[in-house]
Amino acid sequence: MNRYEQTLLEMEEYVDSCKKQKFSDTNIIVDRDELKEYISELNTNTPEEIKKYRKIINNRDEILDNAHNKANAMVEQAKQDIQVLVSEHEIMQRAQEEGQALVDDASAQAQQILDNAVSDANDIREGVMQYTDDTLLDLQNIIENTIENVTAKYDAFMKALNTSLEVVIANRKELAPKQDVVSEKDSLDDLDLNDNTDDFDIGGDIEDYTVNTDFLNEK
Numbered sequence: 041m042n043r044y045e046q047t048l049l050e051m052e053e054y055v056d057s058c059k060k061q062k063f064s065d066t067n068i069i070v071d072r073d074e075l076k077e078y079i080s081e082l083n084t085n086t087p088e089e090i091k092k093y094r095k096i097i098n099n100r101d102e103i104l105d106n107a108h109n110k111a112n113a114m115v116e117q118a119k120q121d122i123q124v125l126v127s128e129h130e131i132m133q134r135a136q137e138e139g140q141a142l143v144d145d146a147s148a149q150a151q152q153i154l155d156n157a158v159s160d161a162n163d164i165r166e167g168v169m170q171y172t173d174d175t176l177l178d179l180q181n182i183i184e185n186t187i188e189n190v191t192a193k194y195d196a197f198m199k200a201l202n203t204s205l206e207v208v209i210a211n212r213k214e215l216a217p218k219q220d221v222v223s224e225k226d227s228l229d230d231l232d233l234n235d236n237t238d239d240f241d242i243g244g245d246i247e248d249y250t251v252n253t254d255f256l257n258e259k
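If you're matching positions, the sequence shown starts at 41 in the working numbering and goes up one per residue.
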């Protein structure tokens with residue numbers, strides 16, 4: 041028990057020991073000086089906690105005002121922080137939207153470039169194939185015309201040879217005896233020039249022969 045509590049206990053005992061006032065059960069007669077001494081001792085021995093609480097009570101309005109001001113300041117700061125966060129969120133959201141728009145636009149452009157490249161490649165491929173087919177067609181026509189020309193000249197050449205051979209035989213008939221001419225005719229019959237044309241080898245250009253083929257030009 042501290043001194044403050046001890047003084048309170050003594051003060052309580054003193055009050056209980058005081059005489060009651062006549063004709064009253066609640067009023068008592070006390071010694072003023074002794075009561076002041078108790079009060080002075082209580083003030084002297086007041087604990088620090090009670091002094092602190094007393095100071096708080098005396099400065100209640102100031103403390104409440106300070107607390108209110110601090111609370112308002114905290115609320116304002118919280119509002120500012122929230123506003124900053126909202127602004128940052130809006131900025132981030134706007135940046136994300138713009139970034140996504142850029143990505144979408146770039147993807148669309150890339151797809152368009154790819155589609156154009158594929159289309160151009162297909163056009164080039166079709167053009168090359170058409171050009172190749174036209175070239176092969178021209179070559180085919182040249183070969184066919186060459187075959188026709190060579191075949192016609194070959195047939196004319198063989199016809200000229202047969203004609204020349206017949207002329208030679210006729211000339212020999214006039215010079216040789218009849219028996220020899222017959223033998224030569226038999227030999228001519230054994231020679232089938234038309235059936236062996238597939239194995240006939242000209243052996244050079246037609247112009248190398250001395251057979252008269254002027255009649256071909258007359259056609």
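Glycine included, every Cβ here is placed at the ideal spot set by N, Cα and C.
Exposure label - residue i; buried when at least 16 CB within 10 Å
| i | result |
| --- | --- |
| Thr-47 | buried |
Own chain, CB closer than 6 angstroms to residue i, minus 5 neighbours either side, in chain order
| i | result |
| --- | --- |
| Asp-248 | In this predicted model, Asp-248 has a pLDDT of only 41, less than 50, meaning its place in the structure is not dependable enough to derive any value. |
| Glu-81 | Thr-47 |
| Met-25 | With the chain running from 41 to 259 in the structure shown, residue 25 is simply not present. |
Nearest to residue i (by Cα), restricted to the options the options
| i | options | result |
| --- | --- | --- |
| Glu-74 | Glu-53, Val-207, Asn-67, Arg-94 | Glu-53 |
| Tyr-44 | Ile-68, Glu-88, Val-70 | Glu-88 |
| Arg-72 | Cys-58, Ser-64, Phe-63, Asn-83 | Cys-58 |
Residues that DSSP places opposite residue i in a beta bridge
| i | result |
| --- | --- |
| Lys-59 | Ile-69 |
Contacting residues, own chain, Cβ-Cβ under 8 angstroms from residue i (five flanking each side not counted)
| i | result |
| --- | --- |
| Asp-56 | none |
| Ile-103 | Ile-96 |
| Asp-131 | Residue identity differs from the one stated: residue 131 is Ile in this sequence, not Asp. Once the five neighbours on either side are set aside, Ile-131 has no close Cβ partner at all. |
Test: residue i CB closer than 9 angstroms to a CB of chain C
| i | result |
| --- | --- |
| Tyr-194 | No chain C is part of this structure, which consists of one protein chain only. |
Close Cβ partners of residue i (< 7 angstroms) along its chain, the five nearest in sequence each way excluded
| i | result |
| --- | --- |
| Glu-206 | none |
Segments of 4+ residues assigned as alpha helix (DSSP H) that fall wholly inside the stretch 66-117: You should have 72-84, 88-98.
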